[in-house]
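Colleague:
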Amino acid sequence: QKERSATLADLERRVREVKMDNAAKELQISAQKMDGETARQLRAQKAELNAQLEQLKSEMARIDSDIYELQKVGYKEGMAMRERYADFLRNFGDVQRRLGMKDESFVNALQQYSPNEPNFTHFLEEIKEYIASMDKEVGAMIDRLAEEDAKVLAHIKEINEQKDVVKEELSKLRLSIEVKVIFCIE
């Protein structure tokens, strides 16, 4: 867009120069006495300059149209980017709440920035660093949960083994009682 603005400014400057040049030449021509050939040459030059002026005007109109189209596209892209950023903020907050890692100061900072700001890319690096630190914390949390899960499974296995021993002892005890009852009955 800066390039187009520079081109537009250059075209406007050239149009002004051509107009001033035309005015100066017309003044010079009106002050001179000339023959028919010189007058024809000057008329031809004037026609050529007018054609150049029309070409420059046409180019300016095309550039204005291009700028307008680019602004429309930029506006639409900006809206889409802001919507995606708002979705990101909602999802980010949800993830933090679910993991019990809510950091209000960082969430507030996120809400103050807009992806359309020129310095947003710098803040984007901070977001990436924060997410990387959260990822490490989540990884550590998963490791802790896996360790706890392994301990619980080991404890369950131990209880099941004890249960099997108790069942076996209970079976032996029942058998012993049945044998004693049979001996008592006989």
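Okay, so the sequence shown: first residue is 1 according to full-length UniProt numbering, each after it adds one. Ideal Cβ positions, reconstructed from N, Cα and C, are used throughout, including at glycine.
What residue from Ile63, Leu27, Lys57 has the CA that sits closest to Glu3's CA?
Modeller: With distances taken between Cα atoms, Glu3 lies closest to Ile63.
Colleague: May I have the straight-line CA-CA distance separating Val107 from Ala146, to the nearest angstrom?
Modeller: Going from the Cα of Val107 to the Cα of Ala146 covers about 29 Å.
Colleague: With contact counted as at least three CB pairs below 8 Å, one residue from each stretch, are the segment 3–18 and the segment 57–71 in contact?
Modeller: Touching, yes, given that three or more Cβ pairs across the two stretches are closer than 8 Å.
Colleague: Can you give the beta carbon distance from Arg90 to Pro115, rounded, assuming they're within the 8 Å contact cut?
Modeller: That pair is no contact at about 15 Å.
Colleague: Determine the direct distance from the alpha carbon of Glu169 to that of Lys180, and round the result to whole angstroms.
Modeller: Spanning the two alpha carbons is a distance of roughly 16 Å.
Colleague: Three-state secondary structure (DSSP) at Lys172?
Modeller: In the structure shown, Lys172 sits in a helix (DSSP, three-state: H, G or I).
Colleague: Taking C-beta to C-beta, are Val18 and Leu42 nearer than 8 Å?
Modeller: Not in contact: Val18 and Leu42 (Cβ atoms no closer than 8 Å).
Colleague: Assuming Leu11 and Glu54 make a contact with CB atoms under 8 Å, what is their CB distance in whole Å?
Modeller: Actually they are not in contact, since the Cβ atoms of Leu11 and Glu54 sit about 13 Å apart, beyond 8 Å.
Colleague: Output the distance between the C-alpha atoms of Val73 and Leu99, rounded to the nearest integer angstrom.
Modeller: Their backbone Cα atoms lie some 39 Å apart in a straight line.
Colleague: Helix, strand or coil, according to DSSP, for Ser114 in the structure here?
Modeller: Ser114 falls in the coil class under three-state DSSP.
Colleague: For the putative contact between Gln112 and Asp103, defined by C-beta atoms under 8 Å, what is the C-beta separation to the nearest angstrom?
Modeller: Wrong, their Cβ atoms sit about 14 Å apart, outside the cutoff.
Colleague: Quick check on the DSSP output: the alpha helix (DSSP H) that includes Met79 runs from which residue to which?
Modeller: Here the alpha helix (DSSP H) through Met79 covers 36–99.
Colleague: Just how far apart, CA to CA, sit Ala61 and Met79?
Modeller: Cα-Cα distance, rounded: 27 Å.
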